[in-house]
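Notes follow the structure.
Residue numbers (this note's numbering): 7 to 203.
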C-alpha cells in the first residue's frame, strides 16, 4: 500500500493520496459494470458496522449481498445449500473477510476491496485505498462506488445529483439513536419551561 500513501504525519498516521483513491474507485466501478448480470456480483460484509453499507450497495446496484458471518465453502463446495458462483467478489475489509478471499482464489474469482494502509492485499485484485475502519468512511466509499456504478450504467445522469444521501449507508446504533431522541425531547421540554409555556 506504500504506492497509495501521500505522506506520513509526525504522529505516525498515514495520509492516503485521494487522486489514487478516486482512480481505483473508478476502476472498481468499471469492473462491476463489466459484469452483464448485476446479480453475478457478490457483496460480502461480515463486520457489524459495515453491513448496512454493503446491503445498501447491493440494493442500489442489484448485486447479491452476503451480510454477517461467511459460511466456508460457499464458493467451493457444490453440495452446500448456499453455494454460489459469482463472477466478481466485492468485500468490505480484507482482514475480516479473509475466508471469502481465499475461496475466491481457489475458483479464479476476481476481487475488489476498500483497503486501509495496513490491510493485507493477498488475493485482492483491485484495492481501493481508503480508511476502512470507521463506519462513516466505509459508508461514504460504498455510496460513491454505488453512484459511479449507476452513472456508468446510465441509470443516473452525471448532470443531476443522486437523490440517495450518503448517511443512509452509515451504520446506526439503535441505542444511540434512542438516547439522541430522548436528549432532544428533554431539551424541547426545558425550552418550553424556560419560555413560560
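Yeah, the Cβ is synthetic: ideal placement off N, Cα and C, and Gly gets one too.
For residue j and residue i, believed in contact at Cβ under 8 Å, the rounded distance
| i | j | result |
| --- | --- | --- |
| residue 63 | residue 110 | Residue 63 to residue 110, Cβ: 18 Å. No contact. |
| residue 140 | residue 175 | With 8 Å as the limit, residue 140 and residue 175 do not qualify as a contact, their Cβ atoms being about 12 Å apart. |
| residue 204 | residue 50 | No statement about residue 204 is possible, as the shown extent of the chain runs from 7 to 203 and does not include it. |
| residue 149 | residue 120 | The pair is not a contact, with the Cβ atoms about 12 Å apart (cut-off 8 Å). |
Simplified DSSP state of residue i, which is helix, strand or coil
| i | result |
| --- | --- |
| residue 48 | strand |
| residue 19 | coil |
| residue 63 | helix |
| residue 90 | coil |
| residue 168 | coil |
| residue 33 | helix |
| residue 41 | coil |
| residue 57 | helix |
| residue 24 | helix |
| residue 250 | A query on residue 250 cannot be resolved here, the shown segment of the chain reaching from 7 to 203 and no further. |
| residue 84 | coil |
| residue 127 | coil |
| residue 173 | helix |
DSSP beta-bridge partners of residue i
| i | result |
| --- | --- |
| residue 118 | 96 and 132 |
| residue 71 | 49 |
Boundaries (first-last residue) of the alpha helix (DSSP H) holding residue i
| i | result |
| --- | --- |
| residue 10 | Here residue 10 belongs to no alpha helix (DSSP H), and DSSP marks it neither H nor E. |
| residue 106 | 104-112 |
| residue 155 | 141-159 |
Discussion item. Closer than 8 Å is the cut-off here; do at least three beta carbon pairs connect the segment 22-38 with the segment 120-140?
Written reply: yes
Worksheet entry | Segment contact, 8 Å Cβ cut-off, at least three pairs: the segment 113-131 with the segment 62-78 | no
Discussion item. I want to know whether the segment 45-52 touches the segment 76-96 - three or more CB-CB distances under 8 Å.
Written reply: yes
Practice prompt. Spell out a yes or no on whether the segment 157-168 and the segment 180-197 are touching, meaning 3 or more CB-CB pairs, one atom from each, closer than 8 Å.
Written response: no
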